[in-house]
Amino acid sequence: MVQTTDAVIIGAGIIGAATALELNRKGIRTVSVDKNPAAGYGSTSGSCAIIRVHYSTLEGTAFAYEGYHYWRDWADYLAAEDERGLAEFRETGCLVMCTEQNGNMRKHTELCEQLDIPFERWNAAKILERLPIYDLTSYFPAKRLDNPDFGKPGTGTVEEAVHFPTAGYITDPQLATHNLQRAAEAAGGTFLFNRAVTEITQSGGRVSGVTLDDGTEIHAPVVINVAGPHSAKVNAMAGALDDMTIATNALRQEVVHVPAPEGFDFFGSAFVTSDSDIACYCRPEKGNFILIGSEDPECDPREWVDPDDYDRNFTDQWTVQAQRYAQRVPSLGIPGRTRGVVDLYDVSDDWIPIYDRSQIPGYYMAIGSSGNQFKNAPIAGKMMAALVEYCEAGNDHDANPLQFDLPYIGRTVDVGFYSRKREINRESSFSVLG
Ligand SMILES: Cc1cc2nc3c(=O)[nH]c(=O)nc-3n(C[C@H](O)[C@H](O)[C@H](O)COP(=O)(O)OP(=O)(O)OC[C@H]3O[C@@H](n4cnc5c(N)ncnc54)[C@H](O)[C@@H]3O)c2cc1C
1 MVQTTDAVII
11 GAGIIGAATA
21 LELNRKGIRT
31 VSVDKNPAAG
41 YGSTSGSCAI
51 IRVHYSTLEG
61 TAFAYEGYHY
71 WRDWADYLAA
81 EDERGLAEFR
91 ETGCLVMCTE
101 QNGNMRKHTE
111 LCEQLDIPFE
121 RWNAAKILER
131 LPIYDLTSYF
141 PAKRLDNPDF
151 GKPGTGTVEE
161 AVHFPTAGYI
171 TDPQLATHNL
181 QRAAEAAGGT
191 FLFNRAVTEI
201 TQSGGRVSGV
211 TLDDGTEIHA
221 PVVINVAGPH
231 SAKVNAMAGA
241 LDDMTIATNA
251 LRQEVVHVPA
261 PEGFDFFGSA
271 FVTSDSDIAC
281 YCRPEKGNFI
291 LIGSEDPECD
301 PREWVDPDDY
311 DRNFTDQWTV
321 QAQRYAQRVP
331 SLGIPGRTRG
341 VVDLYDVSDD
351 WIPIYDRSQI
361 PGYYMAIGSS
371 GNQFKNAPIA
381 GKMMAALVEY
391 CEAGNDHDAN
401 PLQFDLPYIG
411 RTVDVGFYSR
421 KREINRESSF
431 SVLG
């Protein structure tokens with residue numbers, strides 16, 4: 001079978017689906033292909049889907065603050081029905097502990113001041129008033145369970161934190177992706193599931209489409225790699241790796257799901273927290289549970305894996321993350337039965353994504369989301385659509401990068417910041433924090 005369209009999008013995760021919506025809104029018809037049975041079943045489904053605004057660079061912070069507004073105005077942004085209902089943004093706020101490791105949040109708050117992002121400094125009394133289950137003893141540096149000093153207090157206590165009100169999380173990241181799929185379909189896009197792209201074809205010096213595992217050919221002058229942790233494999237398939245200075249690789253992650261301490265309404269009264277003293281981030285989950293993720297401390301091994309062949313079972317990492325959070329919440333009960341998520345980040349060399357064209361005319365990539373781009377999906381989709389339009393109109397994005405307006409916050413981003421050919425950005429945290 002042969003099909004023809006304006007653009008093929010490889011991947012129907014949250015960023016792929018947002019890109020589909022935005023291209024169709026520009027009148028560029030898309031076919032999205034995903035080897036999973038539904039939208040958002042890749043790494044998006046494992047996401048904690050935290051929406052926060054503090055990042056280590058001005059560009060990252062501006063992009064995240066712009067991104068926040070789409071979730072706040074989700075129904076208006078979609079302007080389409082979904083028979084399954086709309087995803088919910090619980091705007092709980094986010095509390096970040098001030099530590100030596102994050103420079104007591106001075107740089108982050110300076111960036112927020114430049115961008116008029118609201119925040120408040122809380123002292124220890126205020127933290128404990130809002131989180132009475134907390135013990136603010138310092139445990140830095142993070143350790144593994146086999147370290148005899150695990151659980152022994154370090155020096156001092158956490159004395160301050162920064163609260164960002166324009167933050168929270170999406171309760172169902174898969175549903176959010178389905179919402180985008182329905183909106184993209186309403187705008188003219190098509191989705192094919194249970195089909196893998198096995199070849200990216202070229203003709204006349206540019207991309208000409210894809211071939212699927214059932215032999216279907218889809219002819220299109222534009223192909224976009226939004227394949228999440230498979231991004232490097234898809235780039236290799238296209239022959240697009242040669243001029244890239246930034247690589248992407250799949251990194252295994254575990255997220256812990258435990259009950260909140262009895263008698264404390266964590267779901268109703270807690271918020272997203274980021275705590276570099278114990279190297280954990282966490283958020284409330286329905287049923288009065290807590291999700292605990294890792295902030296990738298130096299002592300933890302980084303497990304780079306083949307995205308088609310990795311261990312989906314929990315390991316010691318689950319226990320170490322739960323125990324680290326129990327240092328902060330001594331009343332935390334850690335059940336014998338492990339629950340949570342094992343999934344993959346698609347990590348770039350500097351933990352900043354690549355939103356770019358490639359050396360092959362017509363072939364683009366929105367990859368390297370490094371565990372921190374769920375929140376940015378709508379604005380990333382908008383930017384990718386603008387990039388396709390810019391390049392297909394004959395502009396040389398490598399030499400004269402697209403300058404892209406962030407409509408809500410009224411700033412312009414130099415899209416060259418996300419180049420596949422950039423030097424490693426030393427301002428990055430080199431972690432999931434971006
Ligand atoms: C455990 C975890 C926690 C996270 N927490 C947060 C968070 O709190 N906040 C935040 O902002 N971000 C978070 N992230 C990151 C965020 O979830 C990702 O950045 C985002 O979901 C990536 O979306 P995507 O569309 O790029 O990729 P994916 O959702 O991975 O989608 C890629 C799709 O491509 C498909 N595909 C791959 N190869 C092919 C092929 N050859 N043919 C057809 N289809 C193919 C796959 O099947 C998949 O569905 C987290 C990620 C993980 C894993």
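For the sequence shown, the working numbering puts the final residue at 434, and the numbers step up evenly by one.
Backbone N, C-alpha and C define an ideal beta-carbon position, used for all residues, glycine too.
Note that the coordinates shown come from a computational prediction; the quantities given were computed from them, not determined experimentally.
Does DSSP put residue i in a helix, in a strand, or in coil?
i      : result
Thr99  : coil
Gly215 : coil
Glu199 : strand
Asn249 : strand
Leu344 : strand
Asn225 : strand
Asn123 : strand
Pro259 : strand
Glu113 : helix
Met237 : helix
Phe271 : coil
Asp76  : helix
Gly188 : coil
Tyr390 : helix
Gln373 : coil
Ile379 : helix
Arg106 : helix
Met384 : helix
Phe89  : strand
Leu131 : coil
Taking buried to mean at least 16 other C-beta atoms within 10 Å of its own C-beta, is residue i buried or exposed?
i      : result
Met1   : exposed
Thr99  : buried
Gly42  : buried
Arg302 : exposed
Pro335 : exposed
Thr61  : buried
Glu285 : buried
Closer than 7 angstroms to a non-hydrogen atom of ligand 3 - does that hold for the CB of residue i?
i      : result
His257 : Because ligand 3 does not appear in the structure shown, any question about it cannot be addressed here, the ligands present being ligand 1.
Are residue i and residue j close, meaning C-beta to C-beta below 8 angstroms?
i      : j      : result
Ala20  : Ser32  : yes
Trp318 : Glu254 : yes
Asn24  : Ala220 : no
Phe271 : Thr92  : yes
Asn179 : Asp73  : no
Arg144 : Val320 : yes
Met97  : Ser276 : yes
Pro141 : Pro297 : yes
Tyr169 : Arg84  : no
Pro148 : Tyr139 : no
Ser331 : Ile14  : no
Glu59  : Val413 : yes
His257 : Arg339 : yes
Ile200 : Ala238 : yes
Val341 : Leu387 : no
Could you tell me whether any non-hydrogen atom of ligand 1 is closer than 7 angstroms to the CB of residue i?
i      : result
Ala125 : no
Asp343 : yes
Asn372 : yes
Asn249 : no
Tyr363 : no
Pro284 : no
Cys48  : yes
Thr211 : no
Ala12  : yes
Ala227 : yes
Asp73  : no
Asp442 : Given a span of 1 to 434 for the chain in the structure shown, any question on residue 442 remains unanswerable.
With a cut-off of 8 angstroms on the beta carbons, I'd call residue i and residue j a contact; round off their distance for me.
i      : j      : result
Val223 : Gly209 : 7 angstroms
Ala184 : Gln359 : Their Cβ separation, rounded to whole angstroms, is 28 angstroms, which puts Ala184 and Gln359 out of contact at 8 angstroms.
Ala435 : Thr177 : An answer regarding residue 435 cannot be provided, because it is not within the stretch 1 to 434 covered by the chain.
Asp346 : Gly228 : 5 angstroms
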